[in-house]
Amino acid sequence: MIRSLRAELTKIGHWPAYWALLALWAILAIVFGYVTPYLAYANPVAGTSALAQQTALAGLLPAQIVGEIRGYPLFGGVIALAIGALAMGSEFGWGTWTTILLQEPGRARVVAGKLLALLIAVGGQVLVGFSVALVASTLIALAQRAPIAAPDVTNLLTGVLVAWLIVAVWAAFGALLAAALRSTAMPIGAGFVYLLLEELVSGLAGRSALIATFTRLLPGTSAGSLASSILPTALGPTAPGMNTLIAGPEAALVLLLYALVAGGLTGAIITLRDVR
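Residue numbers (our numbering): 89 to 364.
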């Protein structure tokens, strides 16, 4: 499995598509996490109170970069799903599964190596997201001559781990779709459509008890709830995909179960099915 892990990490590191997705994620994190909110702060609507302005600025400073977590349930999930689909589905497009399996002691080890490499790859996505958040928030603090305070280490580590869990789940779903559909483009498209549909369904949760109960079982709901549970109250879950339908510990458990099930099904498909 170690050989497979090293090979997969080398492969991912040489993919232009992986670096392009990380660059896209950095742009999304900056634009929606800092540029747009800063423009709203700098150009407030009439009647905005001084307290609201202070709160808006405080949420953009380095001490509150845990607010970066708001982008992960939806936008981060889209990027992670694409990474997962590429990592698993590219082998079908290249026709390299037979070559890989002939050189390894077993399919299970190959899949385990791929999934571990995928976990590390989306860890890079989280690192990029929080790094650009730190840079952007520092620039805003300098522009506004605001004090630059370091974020609380415990809160920051919690935010990183939560973000990592969220993107790991979506990456596992991307890999599962790629293994089931034997392609890359179709799983990415299907995953995007699912994320949008889940967001639409979640928006109706307040109108029906049945829909609310159903949405509590969805991975996106758990991702949004877990992300919301670690946000400071002043920041609030004000982003697509964020919600407070489930308690944080319950949401984390649901996400872990989804990740394990998706990984297990991916392994079962590759192990039991002809992959040529």
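Glycine included, each C-beta is placed from N, C-alpha and C at the ideal position.
Bounding residues of the alpha helix (DSSP H) (the contiguous stretch that carries residue i)
i: Pro307; result: Pro307 to Ser317
i: Ser119; result: Here the sequence assigns Val to residue 119, which means Ser is not the residue at that position. Looking at the DSSP string, Val119 is not in any alpha helix (DSSP H), and its letter there is neither H nor E.
i: Arg233; result: Arg233 -> no alpha helix (DSSP H), and no H or E assigned at all.
i: Gln141; result: Ala138 to Ala146
i: Ser296; result: Segment: none, Ser296 is in no alpha helix (DSSP H) and carries neither H nor E.
i: Thr124; result: Thr124 to Ala130
i: Val257; result: Val241 to Leu269
i: Ala95; result: Ile90 to Gly101
i: Glu286; result: Ala273 to Gly291
Own chain residues within Cβ distance below 6 Å of residue i, not counting five before or after
i: Leu264; result: Ala350, Leu353 and Thr354
i: Leu29; result: Here the chain comprises residues numbered 89 to 364, so residue 29 is not present and cannot be evaluated.
i: Ala231; result: none
i: Ala339; result: Ser310, Ser313 and Leu314
Proximal residues to residue i (C-beta, below 8 Å), its chain only, five neighbours per side dropped
i: Tyr129; result: Gln141, Ala144, Leu145 and Leu148
i: Glu287; result: Leu162, Gly308, Pro328 and Gly329
i: Phe280; result: Val166 and Leu169
i: Tyr122; result: Leu148, Ala221, Ala224, Ser225 and Ile228
CB contact check: residue i to chain C, cutoff 8 Å
i: Ala111; result: The question asks about chain C, but that chain is absent: this structure has only one protein chain.
Residue i to residue j span [Cα, whole Å]
i: Leu314; j: Leu203; result: 23 Å
i: Pro161; j: Leu139; result: 28 Å
i: Arg270; j: Ile100; result: 19 Å
i: Ala95; j: Ala229; result: 42 Å
i: Val223; j: Ile115; result: 13 Å
i: Thr124; j: Thr303; result: 29 Å
i: Val199; j: Leu348; result: 13 Å
i: Val366; j: Gly183; result: Summary: the structure shown does not reach residue 366, with the chain confined to residues 89 through 364, and so no result is reported for it.
i: Thr136; j: Gly155; result: 22 Å
i: Ala108; j: Ile171; result: 10 Å
i: Thr246; j: Phe120; result: 22 Å
i: Ala237; j: Ala268; result: 47 Å
i: Ile153; j: Asn243; result: 9 Å
i: Ala205; j: Leu97; result: 6 Å
Residues near residue i by beta carbon distance below 7 Å, same chain, minus five either side
i: Ala105; result: Leu174
i: Asn331; result: Ser290, Thr309, Gly312, Ser313, Ser316 and Pro325
i: Leu345; result: none
i: Ile118; result: Val220 and Ala224
i: Thr272; result: Ala173, Leu174, Gly177, Ser178, Gly181 and Ala266
Contact belief for residue i with residue j at Cβ below 8 Å, rounded distance in angstroms
i: Val255; j: Val210; result: 4 Å
i: Pro275; j: Ala151; result: Not a contact, Cβ separation roughly 39 Å.
i: Ile157; j: Leu285; result: Not confirmed; about 23 Å, so no contact.
i: Gln191; j: Leu110; result: 29 Å between Cβ atoms; not a contact.
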